[in-house]
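First the structure, in the form of structure tokens, and then the observations on it.
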Amino acid sequence: MMEMKTNIVLIGFMGAGKTEAGKLLAKKMGLNFIDLDFLIESYEGMTITEIFKQKGEPYFRDLESKVIKDIGKNKKDVLNSLKKFIDITIESDNLIFYGKDKFWVISTGGGTPVYNDNLKILKRLGFIVYLKAGSKTIYKRIKSEKNRPVLGQEGFSEKGIKNILKERENVYERADIIIYTDGLSLQSVAEEIDIFVLNLSGH
Ligand code: S3P
Numbered sequence: 000m001m002e003m004k005t006n007i008v009l010i011g012f013m014g015a016g017k018t019e020a021g022k023l024l025a026k027k028m029g030l031n032f033i034d035l036d037f038l039i040e041s042y043e044g045m046t047i048t049e050i051f052k053q054k055g056e057p058y059f060r061d062l063e064s065k066v067i068k069d070i071g072k073n074k075k076d077v078l079n080s081l082k083k084f085i086d087i088t089i090e091s092d093n094l095i096f097y098g099k100d101k102f103w104v105i106s107t108g109g110g111t112p113v114y115n116d117n118l119k120i121l122k123r124l125g126f127i128v129y130l131k132a133g134s135k136t137i138y139k140r141i142k143s144e145k146n147r148p149v150l151g152q153e154g155f156s157e158k159g160i161k162n163i164l165k166e167r168e169n170v171y172e173r174a175d176i177i178i179y180t181d182g183l184s185l186q187s188v189a190e191e192i193d194i195f196v197l198n199l200s201g202h
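Each residue of the sequence shown is one higher than the last, beginning at 0 in numbering that gives the first Met the number 0.
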């Protein structure tokens, strides 16, 4: 197995598979994994939907920036930053921990790179992978889910998704690499990222 020299940060719209493909990738490469939404939910003791409802989106965005800023401060020791926010021994599907000397796969929320100077911070934190999906695919993947406060305001139609996607796309596309996920299984997405990173590291 090749040796990773940096963290991998997954960005992209809701339903792009950041969390699920991220977990598969981490397991495949023997890296640690953390999901930012999960981190925020554990820290606040509330679901994202509850945070949006009770404290508002600006509060959520501030918290999101604060968390990545803290993690970004010491990208070689993500674990220590995470300990501020979460009990790392917690058994969870959204936290995989193989060891403190391992790099991390970090899956972000769909809005994370878009706000404040988050993208800059994420770029310092690791190699950025944009999991790109079209509005049709996204709509199909998430139409039956309820935990999507951002889309709730837009009426949750394919057109609503398309509009937000259009606003965000130019930020997402500033990633180091783009993976087109339409029609791909999560397993294939994880494999593609693996292959890309492998090529980049010159192995
Ligand atoms: C958001 C995406 C969600 C979550 C929050 C806001 C967004 O994350 O952070 O509901 O603004 O697109 P996922 O992309 O993991 O669903």
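A virtual CB, placed ideally from N, CA and C, is assigned to each residue, including glycine.
Nearest-angstrom Cα separation, counted from residue j out to residue i
{"i": "I194", "j": "T18", "result": "18 Å"}
{"i": "E153", "j": "I141", "result": "With a pLDDT of 48 at E153, under the threshold of 50, the predicted position of this residue should be treated as unreliable, and no value is reported."}
{"i": "K4", "j": "R123", "result": "13 Å"}
{"i": "G55", "j": "I67", "result": "19 Å"}
{"i": "N6", "j": "I47", "result": "25 Å"}
{"i": "I70", "j": "L81", "result": "7 Å"}
{"i": "N93", "j": "K158", "result": "30 Å"}
{"i": "N115", "j": "V170", "result": "12 Å"}
{"i": "E190", "j": "V77", "result": "24 Å"}
{"i": "G44", "j": "I87", "result": "15 Å"}
{"i": "K99", "j": "A25", "result": "14 Å"}
{"i": "G207", "j": "R147", "result": "This structure gives no information on residue 207, because the portion of the chain shown stretches from 0 to 202."}
{"i": "R60", "j": "S184", "result": "30 Å"}
{"i": "W103", "j": "E172", "result": "22 Å"}
{"i": "D36", "j": "G108", "result": "6 Å"}
{"i": "L197", "j": "N73", "result": "24 Å"}
{"i": "L164", "j": "K65", "result": "24 Å"}
{"i": "S156", "j": "A15", "result": "16 Å"}
In DSSP terms, what residue i is bridged to
{"i": "Y203", "result": "The question about residue 203 has no answer here: the residues shown for the chain are numbered 0 through 202."}
{"i": "V104", "result": "I7, F32"}
{"i": "I95", "result": "F32"}
Residue i Cβ short of 7 Å to the ligand S3P heavy atom set
{"i": "D36", "result": "yes"}
{"i": "P57", "result": "no"}
{"i": "G110", "result": "yes"}
{"i": "M13", "result": "yes"}
{"i": "I47", "result": "yes"}
{"i": "R147", "result": "yes"}
{"i": "K17", "result": "yes"}
For residue j and residue i, believed in contact at Cβ under 8 Å, the rounded distance
{"i": "K240", "j": "I176", "result": "Missing from the structure shown is residue 240; the chain here goes from 0 to 202 and no further."}
{"i": "I137", "j": "F32", "result": "Rounded, the Cβ-Cβ distance is 22 Å, inconsistent with contact."}
{"i": "K161", "j": "S134", "result": "4 Å"}
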